Amino acid sequence: MTPSWPAPALGKRLSRRDSPRPAGADSLISALASRRLAGGILGFSGLSQNKSFVDALFPLQSKRLIDVIATVGVMFFLFIVGVKTDLTMMRKSGKKVAAIGLISCLVPLALMASVGYLLRHRMPRELVDRYFIYQLAATWARTSYAVVSTVLEELNLLNSRLGRLAMTATLISEFNSTVFNSINTAIQLGIHARSRLLGIGSFVSFLALLAFILLVARPITLWMVRRTPEGEHLREGYFIAVVMMVLTCGLAGELIGHHAATGTFLLGLALPGGPPLGSTLQDRFGTMVSGILVPLFMASAGFRSTIFDLVDMKLCGYVICFILLGALGKTLGVVVPALMPFRDAMTLALMMNTKGIFEVHSVNIWSDASLIDQQVYTVIVICVVAFSTFTTSVVKILYKPATNYRNCAGRTVEHARGQAELRVLACVHNEDDVSPMVDILKLCHPTKESPMCVYALHIVPFAGHSAAKLAPYRKQANSGSFGSATDRIMNAFRFFEEEVQGAVLVQPFVAIAPAATNDVDVCTLAMDKKVSFVVLPFHKRRAVDGTMELDNALKNMNMNVLSYAPCSVGIFIYNNYSPAATFFAPGKPVLHYNMAVYFLGGPDDREALAIAVRAAENPLVGLTVIRLLPPEDRRRHGPEEALDEEALSEFRLGAVDDDRVVYQEEVVQDSEGTIGLLRETSCRFSMLIVGRRSGTCSTLTEGLSMFCDHPELGVLGDVLASRDVVHSVPTLVVQQQTRRRPPSSDVCLPVVFSQRSRVEPC
Numbered sequence: 001m002t003p004s005w006p007a008p009a010l011g012k013r014l015s016r017r018d019s020p021r022p023a024g025a026d027s028l029i030s031a032l033a034s035r036r037l038a039g040g041i042l043g044f045s046g047l048s049q050n051k052s053f054v055d056a057l058f059p060l061q062s063k064r065l066i067d068v069i070a071t072v073g074v075m076f077f078l079f080i081v082g083v084k085t086d087l088t089m090m091r092k093s094g095k096k097v098a099a100i101g102l103i104s105c106l107v108p109l110a111l112m113a114s115v116g117y118l119l120r121h122r123m124p125r126e127l128v129d130r131y132f133i134y135q136l137a138a139t140w141a142r143t144s145y146a147v148v149s150t151v152l153e154e155l156n157l158l159n160s161r162l163g164r165l166a167m168t169a170t171l172i173s174e175f176n177s178t179v180f181n182s183i184n185t186a187i188q189l190g191i192h193a194r195s196r197l198l199g200i201g202s203f204v205s206f207l208a209l210l211a212f213i214l215l216v217a218r219p220i221t222l223w224m225v226r227r228t229p230e231g232e233h234l235r236e237g238y239f240i241a242v243v244m245m246v247l248t249c250g251l252a253g254e255l256i257g258h259h260a261a262t263g264t265f266l267l268g269l270a271l272p273g274g275p276p277l278g279s280t281l282q283d284r285f286g287t288m289v290s291g292i293l294v295p296l297f298m299a300s301a302g303f304r305s306t307i308f309d310l311v312d313m314k315l316c317g318y319v320i321c322f323i324l325l326g327a328l329g330k331t332l333g334v335v336v337p338a339l340m341p342f343r344d345a346m347t348l349a350l351m352m353n354t355k356g357i358f359e360v361h362s363v364n365i366w367s368d369a370s371l372i373d374q375q376v377y378t379v380i381v382i383c384v385v386a387f388s389t390f391t392t393s394v395v396k397i398l399y400k401p402a403t404n405y406r407n408c409a410g411r412t413v414e415h416a417r418g419q420a421e422l423r424v425l426a427c428v429h430n431e432d433d434v435s436p437m438v439d440i441l442k443l444c445h446p447t448k449e450s451p452m453c454v455y456a457l458h459i460v461p462f463a464g465h466s467a468a469k470l471a472p473y474r475k476q477a478n479s480g481s482f483g484s485a486t487d488r489i490m491n492a493f494r495f496f497e498e499e500v501q502g503a504v505l506v507q508p509f510v511a512i513a514p515a516a517t518n519d520v521d522v523c524t525l526a527m528d529k530k531v532s533f534v535v536l537p538f539h540k541r542r543a544v545d546g547t548m549e550l551d552n553a554l555k556n557m558n559m560n561v562l563s564y565a566p567c568s569v570g571i572f573i574y575n576n577y578s579p580a581a582t583f584f585a586p587g588k589p590v591l592h593y594n595m596a597v598y599f600l601g602g603p604d605d606r607e608a609l610a611i612a613v614r615a616a617e618n619p620l621v622g623l624t625v626i627r628l629l630p631p632e633d634r635r636r637h638g639p640e641e642a643l644d645e646e647a648l649s650e651f652r653l654g655a656v657d658d659d660r661v662v663y664q665e666e667v668v669q670d671s672e673g674t675i676g677l678l679r680e681t682s683c684r685f686s687m688l689i690v691g692r693r694s695g696t697c698s699t700l701t702e703g704l705s706m707f708c709d710h711p712e713l714g715v716l717g718d719v720l721a722s723r724d725v726v727h728s729v730p731t732l733v734v735q736q737q738t739r740r741r742p743p744s745s746d747v748c749l750p751v752v753f754s755q756r757s758r759v760e761p762c
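Quick note: the sequence shown uses UniProt numbering, first residue 1, plus one each step.
Encoded structure:
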């Protein structure tokens, strides 16, 4: 009986590779290269020469079916990549990026073509006849946007500095190569058919295809997108219409002398990316195309290769030398105009030298057209696998963006108190995060004498995009009468700016990146803008039906930001938060708000105290600082304790004769006494501020780390987040960036989770 997989189970298994993985779990060989190796093992090991094995595993009829399905998969893969592509990247690129994109394409093309022309009388006839060497030069000089974007997404480098540079340069290179290829195809048709009219007809047909895409397909798709409500997928009828357009453009591309994938990719470039079209395609086709069809296509290419066909070593040597010459030319074309440190320039060159589905698709076309024989086919496929494996492995070793933040001196609220302006980065994922985040900013009490600059960052889901984006927010002209979610979020921050006019400057930003690398955008913006404090929402949210929704992608992001941020970080817990219970009500006098700080000692607690002191400058905010102390005989007297005493002495000196500020000391025997104190006192306050105290040992919290469910909150924050122990009170957990704490020194080791899960109501 033939085993079968239920569709949900199959989709779950295929999508498992896209879920976040623990640090260090990634192998040096990428998933793309492993797919080619899977097919290559069959060919390179000689199994494909075993007739009984081949007939049993791949009968002739199934081979043809696999080829058809794989080709359709390539068509839809390139179409989806085209839809996700943002062509405005080319318009916004600088001169250096444009130079890299052009030169990295022209140098290897000129180098391979000129050497091929000079050696045309010495090379084997198989390479000279039908101008194959020039076809190879044009293909190998090209940098495929689909390949680079897929590899960088897999390496979690899309929103890194070099990743963004590589994506933009590749897009420019791809655009110019497409124009060159259309002209070259028309010329080749005219030469081989010995008819200029055929070549001219091919070029005119290509222009007609572009006209159909721009004047018919694009307006229809834009009309369908406008009729789709925000946050929803395309209707079934609209989706079928898009699929029919893909098949039509693929057929037209094949008929005019190009290839089906060319037509579908051009169609994708012309259609609007992002939701709802991009997200619909990703949800409907993403797993099937990237998890089944593309691996099937790559494996079939490897299966068609066999080392037993490599009999003419001279021919194989020429092909390998020309391919290496092209790689050298592309490396020079990237390194020379890049004008950056050699290590970064070489990393960028390796990114743009990666090969994949585009090259395999091209070599399949050459083989089907009898332009090359089996041994040339095998050599090129082996080179594609080797280049993909080598480039991805070396990039993983050479380029680690997190080291940029780790080497940056930390900025804190404690040491920024004497400065004229406090810079805060507020991160929001959806509209539910806005109200609590604005209230936290109000809690910092900005005034004209002590102003605050707020960088509001909306982290947008990556679905429907192929390139990461971190840019200032600008309202879109076609966002509708009610605006998009980003528009409404930024309007709330603008309203806050107007409400405290002259005391706050809001600078809105939008970040679009895979969930696994959102922390890179947060750390990059914090470093570039010299931010002192980053505020993040907690990953648990209460859903409409009362259940607790767990966003574990947000949990992983918070853990990474805590490890690598160049400044202090706060995580705000607001499980039972509602707009009716806001700290401050606009349009009326500020309410008296009672907050508390639990102080055990250490840099994180001193940072929490600094934030609370700033909030207490508001005359209608009350502050209670509760210092937990062990018995006298168990107290320590070291440098950190001296800094604690200095901070508390300064705080008490400034709070003299201020009835709103209370300082009290509580002697606690052990962790059980600490929990008892929290349970007894937390319900008296409107908000709590605690330090994360990562890696700090204390007899007052001894043993609590064994039951820590939320390592990003530390032991006290984890206790306060648990409704089983204390009353649910909005809590801000603070970590001061001291640059003396290695990322691996957490009390609770970070664990990586699947994207989303739900638990029963608390």
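Beta carbons are placed, not taken as given, at the ideal position from N, Cα and C, and that holds for glycine. Computed from a prediction, not measured in an experiment: that's the story for all the values here.
- [ ] Taking Val729 and Met687 to be in contact with their CB atoms under 8 Å, please state how far apart those CB atoms are, rounded to whole angstroms.
- [x] Within the sequence shown, the letter at position 729 stands for residue 729. Within the sequence shown, the letter at position 687 stands for residue 687. Confirmed, Cβ separation roughly 7 Å.
- [ ] Report the partner residues of Glu498 according to the DSSP bridge assignment.
- [x] For the purposes of this step, residue 498 is identified with residue 498 of the sequence shown, where counting begins at 1. According to DSSP, Glu498 bridges with nothing at all.
Open item on the list: Taking only three categories from DSSP, how would you classify Phe239?
Closed with: Stepping through the sequence shown from its first residue, residue 239 is reached at position 239. If DSSP states are grouped into helix, strand and coil, Phe239 belongs with the helices.
Task: Reference Pro514, options Met90, Glu126 and Ser149, closest by Cα - done: Numbered from its first residue, the sequence shown carries residue 514 at position 514. Ranked by Cα distance from Pro514, the first of Met90, Glu126 and Ser149 is Ser149.
Open item on the list: Please report the straight-line C-alpha distance between Cys683 and Asp433, rounded to a whole angstrom.
Closed with: Counted from its first residue, the sequence shown places residue 683 at position 683. Counted from its first residue, the sequence shown places residue 433 at position 433. So the two alpha carbons sit approximately 23 Å from each other.
Task: Cβ neighbours of Arg142 in the same chain (closer than 6 Å, five flanking residues each side left out) - done: Walking along the sequence shown from the start, residue 142 turns up at place 142. Once the five neighbours on either side are set aside, the close Cβ partners of Arg142 are Ser177.
Task: Short CB-CB distance (under 7 Å) between Val148 and chain C - done: Within the model displayed, chain C is absent; a lone protein chain is all it includes.
Task: Contacts around Arg120, its chain only, beta-carbon distance under 6 Å, and the 5 residues preceding and following it disregarded - done: Counting from one through the sequence shown, the residue named residue 120 turns up at place 120. These residues qualify, in order along the chain: Val128.
TODO: Assign Ser279 to one of two classes, buried (16 or more other C-beta atoms within 10 Å of its C-beta) or exposed (fewer than that).
DONE: One-based indexing of the sequence shown puts residue 279 at position 279. With 16 or more other Cβ atoms within 10 Å, it is buried.
TODO: Report the three-state DSSP secondary structure of Ala471 (helix, strand or coil).
DONE: As a working mapping, residue 471 is identified with position 471 in the sequence shown. In the structure shown, the three-state DSSP call for Ala471 is strand.
Open item on the list: Once DSSP output is grouped into helix, strand and coil, what is the label at Met75?
Closed with: Taking the sequence shown and counting its residues from 1, one reaches residue 75 at position 75. DSSP places Met75 in helix when its eight states are reduced to three.
Task: Proximity to Tyr131 [Cα-Cα], best of Pro436, Trp366 and Ala426 - done: Along the sequence shown, one-based indexing puts residue 131 at 131. Comparing Cα positions, the closest option is Trp366.
Open item on the list: Quick check on Asp551: does DSSP put it in helix, strand or coil?
Closed with: Counted from its first residue, the sequence shown places residue 551 at position 551. Strand.
TODO: Classify Cys249 as helix, strand or coil using the three-state DSSP reduction.
DONE: In the sequence shown, counting from the first residue as 1, residue 249 sits at position 249. Helix, per DSSP.
TODO: Following the continuous alpha helix (DSSP H) through Glu645, name the residue where it begins and the one where it ends.
DONE: Within the sequence shown, the letter at position 645 stands for residue 645. Taken as a continuous stretch (DSSP letters only), the alpha helix (DSSP H) holding Glu645 covers Pro639 to Gly654.
Task: Which of helix, strand or coil DSSP assigns to Val569 - done: For the purposes of this step, residue 569 is taken as residue 569 along the sequence shown, with counting starting at 1. Val569 falls in the strand class under three-state DSSP.
Open item on the list: So, for Val561: in the same chain, excluding its five sequence neighbours on each side, which residues have a beta-carbon less than 8 Å away from its beta-carbon?
Closed with: In the sequence shown, counting from the first residue as 1, residue 561 sits at position 561. For Val561, where only same-chain residues beyond five positions count, the Cβ hits under 8 Å are Asp519, Val522, Cys523, Val534, Leu536 and Val569.
Open item on the list: If I follow the unbroken alpha helix (DSSP H) through Val522, where does it start and stop?
Closed with: Counting from one through the sequence shown, the residue named residue 522 turns up at place 522. Element bounds for Val522: Asn518 to Asp528.
- [ ] Classify Glu712 as buried or exposed, calling it buried when 16 or more other Cβ atoms lie within 10 Å of its own Cβ.
- [x] The residue you call residue 712 lines up with position 712 of the sequence shown. Buried is the call here.
TODO: Would you tell me roughly how many angstroms separate the C-alpha atoms of Val510 and Lys555, rounded to the nearest one?
DONE: Locating residue 510 in the sequence shown gives position 510, counting from the first residue. Locating residue 555 in the sequence shown gives position 555, counting from the first residue. Distance between the alpha carbons of Val510 and Lys555: 20 Å.
- [ ] Compare the C-alpha of Ile100 against each of Ile292, Pro337, Ile689 and Ser114 and name the closest.
- [x] Taking the first residue of the sequence shown as position 1, residue 100 is located at position 100. For the residues Ile292, Pro337, Ile689 and Ser114, the minimum Cα distance to Ile100 belongs to Pro337.
Open item on the list: Taking the beta carbon of Pro619 as the centre, do at least 16 other beta carbons fall within 10 Å, making it buried, or is it exposed?
Closed with: Mapped onto the sequence shown, residue 619 falls at position 619. Result: exposed.
TODO: Note down the Cα distance separating Val733 from Ile573, rounded to an integer number of angstroms.
DONE: Translated into the one-based positions of the sequence shown, residue 733 becomes position 733. Translated into the one-based positions of the sequence shown, residue 573 becomes position 573. So the two alpha carbons sit approximately 8 Å from each other.
Open item on the list: Suppose the cutoff is 7 Å on Cβ atoms and the five residues either side in sequence are ignored; what does the same chain contact list for Tyr318 look like?
Closed with: Translated into the one-based positions of the sequence shown, residue 318 becomes position 318. Answer for Tyr318: Met123, Pro124 and Leu127, listed in chain order.
Open item on the list: If contacts are defined as beta-carbon pairs under 8 Å, then Leu628 and Tyr598 qualify, I think. What distance do you get, rounded to the angstrom?
Closed with: Taking the first residue of the sequence shown as position 1, residue 628 is located at position 628. Taking the first residue of the sequence shown as position 1, residue 598 is located at position 598. Separation of the CB atoms of Leu628 and Tyr598 is rounded to 7 Å, and the pair is thereby assigned contact status at 8 Å.
Open item on the list: Spatial neighbours of Phe707 within its chain, please: C-beta separation below 7 Å, excluding the five flanking residues on both sides.
Closed with: What you label residue 707 is simply residue 707 of the sequence shown in a count that begins at 1. Nothing meets the Cβ criterion.
- [ ] Starting from Met352, trace the beta strand (DSSP E) both ways and give me its first and last residue.
- [x] On the sequence shown, residue 352 is found 352 positions in, with the first residue counted as 1. Unbroken run through Met352 is the alpha helix (DSSP H), Phe342 to Asn353; no beta strand (DSSP E).
- [ ] Would you mind giving the Cβ-Cβ distance between Phe387 and Thr354, rounded to the nearest angstrom? I have them listed as a contact below 8 Å.
- [x] As a first step, residue 387 is located in the sequence shown; it is residue number 387 there, counting from the start. As a first step, residue 354 is located in the sequence shown; it is residue number 354 there, counting from the start. Approximately 7 Å separates the beta-carbon atoms of Phe387 and Thr354; this is inside 8 Å, confirming the contact.
Open item on the list: Below 8 Å on the Cβ atoms is my contact criterion, and I expect Arg411 with Lys530 to pass it. Report the Cβ-Cβ distance as a whole number of Å.
Closed with: For the purposes of this step, residue 411 is taken as residue 411 along the sequence shown, with counting starting at 1. For the purposes of this step, residue 530 is taken as residue 530 along the sequence shown, with counting starting at 1. Rounded, the Cβ-Cβ distance is 7 Å, consistent with contact.
TODO: Please go through the same chain and pick out, in chain order, the residues whose beta-carbon is closer than 6 Å to the beta-carbon of Met167, but skip the five residues on each side of it.
DONE: The residue you call residue 167 lines up with position 167 of the sequence shown. Excluding its 5 nearest sequence neighbours in each direction, Met167 has C-beta neighbours in its own chain below 6 Å: Ala467, listed in chain order.
Open item on the list: Could you tell me the alpha carbon to alpha carbon distance between Arg660 and Pro630, rounded to whole angstroms?
Closed with: By 1-based counting over the sequence shown, the position of residue 660 is 660. By 1-based counting over the sequence shown, the position of residue 630 is 630. Between Arg660 and Pro630, the C-alpha separation is close to 27 Å.
- [ ] Compute the Euclidean distance between the alpha carbons of Val249 and Ile69, then round it to the nearest angstrom.
- [x] Position 249 of the sequence shown, counted from the first residue, corresponds to residue 249. Position 69 of the sequence shown, counted from the first residue, corresponds to residue 69. It should be pointed out that residue 249 corresponds to Cys in this sequence rather than to Val. Cys249 and Ile69: Cα-Cα distance of roughly 17 Å.
TODO: Count the other C-beta atoms from every protein chain shown that fall within 10 angstroms of the C-beta of Gln282, then say buried if there are 16 or more, exposed otherwise.
DONE: Position 282 of the sequence shown holds residue 282. Label assigned to Gln282: buried.
TODO: Tell whether a beta-carbon distance below 7 Å holds between Glu497 and Val506.
DONE: Position 497 of the sequence shown, counted from the start, is the residue given in the question as residue 497. Position 506 of the sequence shown, counted from the start, is the residue given in the question as residue 506. Judged by beta-carbon spacing, Val506 lies within the 7 Å limit of Glu497, meaning their Cβ atoms are closer than that value.
Task: Contacts around Thr228, its chain only, beta-carbon distance under 8 Å, and the 5 residues preceding and following it disregarded - done: The residue labelled residue 228 in the question sits at position 228 within the sequence shown. Cβ neighbours of Thr228 beyond the five flanking positions: Leu234, Arg235, Tyr238 and Pro276.
TODO: Count the CB pairs spanning the stretch 147-165 and the stretch 386-400 that are closer than 8 Å, and state whether there are at least three.
DONE: With a cut-off of 8 Å, the stretch 386-400 and the stretch 147-165 count as touching, because enough Cβ pairs lie within range.
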